[in-house]
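Chemist:
There are 2 protein chains.
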Amino acid sequence: MTPPSRTRRGDRATAPGDRRARATILDVAALAQVSIGTVSRALNGRDGVHPDTRERVRRAATELGYHPDRAARELSNRRPTRVALNVAHGYRRLTPFFILFLQHLNDHLANSGLRVHEVASDSDGLPEHDDDAFVLLGAHPDDPRLDHLVRRGTPFVLVGHHPGVRCVAPDDEHGGRLAAEHLLRLGHRTPLHLSATPRSQVFSDRASGFDAALADANCAPATVLTADEPSAVGGYRALRAHLDTGARPSALFAATDELAQGAITAAGDVGLRVPNDLSVIGFDDLPEIGTNLTTIRQDLDALAGATVALLHEALAGEPVRAVRLPVRLVSRGTTAERR
Amino acid sequence: MTPPSRTRRGDRATAPGDRRARATILDVAALAQVSIGTVSRALNGRDGVHPDTRERVRRAATELGYHPDRAARELSNRRPTRVALNVAHGYRRLTPFFILFLQHLNDHLANSGLRVHEVASDSDGLPEHDDDAFVLLGAHPDDPRLDHLVRRGTPFVLVGHHPGVRCVAPDDEHGGRLAAEHLLRLGHRTPLHLSATPRSQVFSDRASGFDAALADANCAPATVLTADEPSAVGGYRALRAHLDTGARPSALFAATDELAQGAITAAGDVGLRVPNDLSVIGFDDLPEIGTNLTTIRQDLDALAGATVALLHEALAGEPVRAVRLPVRLVSRGTTAERR
DNA sequence: CCCACGTTCGTAAACGCTTACGAAACTGAC
DNA sequence: GTCAGTTTCGTAAGCGTTTACGAACGTGGG
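Protein chains in written order, with the working numbering: chain A, 461 to 799; chain B, 461 to 799.
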């Protein structure tokens, strides 16, 4: 075997005092004591690389903060950078909200020289190597995919929250808070909270913001109704069951516009008028919801834009950061003063 | 002089029956009977190229539909693709509308791997060669920059209209039409039209759509008031002068929200109430306008997104197309039925 | 001990472009 | 007709990656 090739630039890694120069595959090769071909194969998951070697290369790459140059890769590959969308199992189902977000995301991606390659909807399976980057939509606290991607050094963005990874999310907790404060201002001191199962991070953040604001106003934590699915019918059934026990709440915070939708129908069916007898506030501000719903608005387009911006940062090897997008209260016709 | 180099791929241009393969600099060099170095210099406006040769290369490039590969160029340049914004002289001044659009455009560009290099605000001067692509904001019918860019084969997008070039614009004419129809529905058959000078394409499109709808309803063309500047004070002065002659119109279509703003103030100053005595409808739907203005809304974010999408098409050498973005009526509190 | 085979890896070419360098051709003055 | 200076252009290296090819090594059977 010939000794590791020392090209004219091979010694750059030996003098790491260099200015802002990004590490190249040559630097990694020098550090790991292998050739550039091996580095490429190791990092791209090609086989024919000894596990030990692969590990050594990976370590060298992370040590140097190496990220392949997009232009060079595209030139060599003869294809644009491809990003795959990967939806967490069991998480966000194909709700209207979700589909809407996907459309915005697609637009932003398409305007970015990036190409959406694949949308895996129910993948517990770990991401494969065919794609250059990933957008993860939601994640369990101990999602194996996260660990997998960081280990492999693949650029990715998580839409959701997780400590230590590059992620973006609307400020769900603050949204819950806004909802509570609005209701409190209207004189409702014992509002209901309508949530749903599966109870994702999103739902618990909204709930905890809501409860925190109630606590600040010296109110007891809200009674929680849990719909068996995060949809209009789920919301309907949950509230209807509650009302059928004779309960008569004056206000309700639904974790989703769809849940709110169902709740309003249920209220109507037992003769309650909204907002006179029952104030209802939702979350998301879906344009589809025809009613005049008071809700917490999140800007899907901004969310999509931020996702793509972070993706570019990931591709460029910039440091990890988390983005939290503001939400705001949109006060419309389904909330009123307590009578 | 050595004969033109025939590399292993040099003969591809000789067999143009190839499938979707994009023309490379080699093909152009072969067709123009020069070396690739000369092609690069000729097309990039470097000097040291004989005018005749340059012309020959240009012709070869357009004949083959050649566009440099972005990845290769970035790899060689060691810098991202740079795009310059270039504002037409005398056209859109720095109105709030315009600034707002620039912000959206900047966001979309930044999310695109593209970098804004330069904003030339008052440039009759022709674009130089430092940039890889251009966004032109507005253009005269016989703007020399257009011809210049097409000749040079530089990728660009015009925000505005011009036959034969890649451009994007809101549907101003249809917007004017919507305004007229709204006023007609409310019973106003002799509305005023408040426009401004300089009378750009934008203004004439809005006016012609307005007049066309009036004509369809068998109404006479609207009386036109022309403000001496497209601002709130311009609008104020124009309408105030008109009202001071004793005229008492029942409705007015302002070509921009700012003009409308000024008009409303003028009406108030002579004791006219909006919308009871005078209905006012604007155009643009600026978020800044605090009043409850009925207006024609255009989606700035969509406009910016489309601009960037077209820019990518230009960079990729795809065929020219023009995009026209829909606008819609937002009916609020400054228009009412004629009494 | 030799040979065939599989595994692991290094070498170098290729992607399409820009540009430093130097060679050829032309210019004009002498 | 020479020669220096000026245009004009061709050659080749280099940008950072992927990957086909083949070399080196280890393994096992005979």
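Here a beta-carbon is modelled for each residue, glycine too, at the ideal position from N, C-alpha and C.
In whole angstroms, give me the CA-to-CA distance for alanine 548 of chain A and aspartate 591 of chain A.
Modeler: One alpha carbon belongs to alanine 548 of chain A, the other to aspartate 591 of chain A, and they sit about 17 Å apart.
Chemist: In chain order, what residues of the same chain lie with their CB nearer than 8 Å to the CB of leucine 643 of chain A, ignoring the 5 residues before and after it?
Modeler: Pro651, Ala711, Phe713, Ser739, Ile741 and Thr795
Chemist: To test your reading of the DSSP string, which unbroken beta strand (DSSP E) runs of 3 or more residues are found completely within the segment 688-770 of chain B?
Modeler: Fully enclosed beta strand (DSSP E) runs of 3 or longer: 711-714, 739-741 and 755-758.
Chemist: Which residues in chain B have a C-beta closer than 7 Å to the C-beta of serine 572 of chain A? List them in chain order.
Modeler: Asn571, Ser572 and Gly573
Chemist: From the DSSP output, read off the bridge partner residues of threonine 683 of chain B.
Modeler: B:Leu652
Chemist: Of the residues B:Gly620, B:His600, B:Arg645 and B:Val619, which one's Cα is nearest the Cα of alanine 403 of chain B?
Modeler: Residue 403 of chain B falls outside the range modelled here, since chain B spans only 461 to 799, and no answer is possible.
Chemist: Does the contact criterion of 3 or more C-beta pairs under 8 Å hold for the segment 623-635 of chain B versus the segment 771-790 of chain B?
Modeler: yes
Chemist: At 9 Å on the CB atoms, spell out the chain B contacts of glutamate 534 of chain A, in chain order.
Modeler: For the C-beta of glutamate 534 of chain A, the chain B residues within less than 9 Å are, from N- to C-terminus, Asp529, Arg530, Ala531, Ala532, Glu534 and Leu535.
Chemist: Using 8 Å as the threshold, is the segment 591-601 of chain B in touch with the segment 610-622 of chain B, meaning 3 or more CB pairs across them?
Modeler: yes
Chemist: Around the C-beta of aspartate 471 of chain B, are 16 or more other C-beta atoms found within 10 angstroms, so that it is buried, or is it exposed?
Modeler: The predicted position of aspartate 471 of chain B is uncertain, since its pLDDT is 38 and thus under 50; no value can be drawn from it.
Chemist: Run through chain B and tell me which residues come within less than 7 Å of histidine 772 of chain A, C-beta to C-beta.
Modeler: Asn571 and Gly573
Chemist: Taking the alpha-carbon positions, what's the phenylalanine 616 of chain A to histidine 510 of chain A distance?
Modeler: A direct Cα-Cα distance of roughly 26 Å separates phenylalanine 616 of chain A from histidine 510 of chain A.
Chemist: Can you give, in chain order, each stretch of the beta strand (DSSP E) that sits fully within the segment 507-536 of chain B and has at least 3 residues?
Modeler: The segment 507-536 of chain B contains no whole beta strand (DSSP E) run of 3 or more residues.
Chemist: Report the three-state DSSP secondary structure of leucine 674 of chain A (helix, strand or coil).
Modeler: helix
Chemist: Would you call the CB atoms of valine 768 of chain A and leucine 609 of chain A closer than 8 Å?
Modeler: no
Chemist: Please compile the residues from chain B whose C-beta is within a distance smaller than 7 Å of the C-beta of histidine 568 of chain A.
Modeler: The answer, in chain order, is Asn571.
Chemist: Going by Cα to Cα distance, which pick from A:Val576, A:Val730, A:Glu718 and A:Leu685 is closest to threonine 555 of chain A?
Modeler: A:Glu718
Chemist: Which residue's Cα is closest to the Cα of threonine 657 of chain A: A:Thr683, A:Glu689, A:Ala673 and A:Leu685?
Modeler: A:Glu689
Chemist: Relative to the C-alpha of aspartate 665 of chain A, which candidate in A:Cys679, A:Ala680 and A:Ala639 has its C-alpha closest?
Modeler: Considering only alpha carbons, the answer is A:Ala639.
Chemist: Per DSSP, what kind of secondary structure is proline 630 of chain B in: helix, strand or coil?
Modeler: When DSSP states are grouped into helix, strand and coil, proline 630 of chain B belongs to the strand group.
Chemist: Alpha carbon to alpha carbon, how far is glycine 525 of chain B from glutamate 515 of chain B?
Modeler: Each residue's CA atom was taken as its position, placing glycine 525 of chain B and glutamate 515 of chain B some 15 Å apart.
Chemist: List, in order along the chain, the chain B residues whose C-beta lies closer than 8 Å to that of alanine 769 of chain A?
Modeler: Close to alanine 769 of chain A, with beta-carbon spacing below 8 Å, are these residues of chain B in chain order: Ala570 and Asn571.
Chemist: Please tell me whether glycine 750 of chain A has its Cβ less than 8 Å away from any Cβ of chain B.
Modeler: no
Chemist: Does arginine 542 of chain B come out as helix, strand or coil in the three-state DSSP assignment?
Modeler: strand
Chemist: Going along the chain, which residues of the segment 495-519 of chain B sit with their C-beta nearer than 8 Å to a C-beta in chain A?
Modeler: Hits within the stretch: zero.
Chemist: On the criterion of 16 or more Cβ atoms from any shown chain inside 10 Å, does arginine 448 of chain B qualify as buried, or is it exposed?
Modeler: Since the displayed chain B opens at 461 and closes at 799, residue 448 of chain B lies outside it and no answer follows.
Chemist: Buried or exposed: which applies to valine 780 of chain A, given that a residue is buried once 16 or more other Cβ atoms fall within 10 Å of its Cβ?
Modeler: exposed
Chemist: Could you say which of A:Leu574, A:Leu746 and A:Arg792 lies nearest to asparagine 752 of chain A if we only look at CA atoms?
Modeler: Considering only A:Leu574, A:Leu746 and A:Arg792, the residue with the shortest C-alpha distance to asparagine 752 of chain A is A:Arg792.
Chemist: Measure the alpha-carbon distance for glutamate 778 of chain A versus phenylalanine 558 of chain A and round it to whole angstroms.
Modeler: Computed Cα separation, rounded: 28 Å.
Chemist: By Cβ distance below 8 Å, which residues in the same chain neighbour proline 601 of chain A in space, the five residues on each side in sequence not counted?
Modeler: His622 and Gln661
Chemist: Would a C-beta distance cut-off of 8 Å place glycine 722 of chain B and alanine 701 of chain B closer than the cut-off?
Modeler: no
Chemist: Note down, in chain order, every chain A residue with its Cβ under 7 Å from the Cβ of glycine 765 of chain B.
Modeler: Chain-order list of chain A residues neighbouring glycine 765 of chain B: Asp567 and Asn571, by C-beta distance under 7 Å.
Chemist: Any idea if aspartate 478 of chain A is buried or exposed, counting beta-carbon neighbours within 10 angstroms, 16 or more meaning buried?
Modeler: Its pLDDT being 41, under 50, aspartate 478 of chain A is placed unreliably by the model, and the measurement read from it follows with that caveat. Aspartate 478 of chain A comes out exposed.
Chemist: In this structure, what does DSSP give as the bridge partners for leucine 618 of chain A?
Modeler: A:Leu596 and A:Cys627
Chemist: Look at proline 682 of chain B and histidine 653 of chain B and say whether their C-beta atoms are less than 8 Å apart.
Modeler: Reading off the sequence shown, one finds alanine at residue 682 of chain B, where the question assumed proline. Contact flag set, yes.
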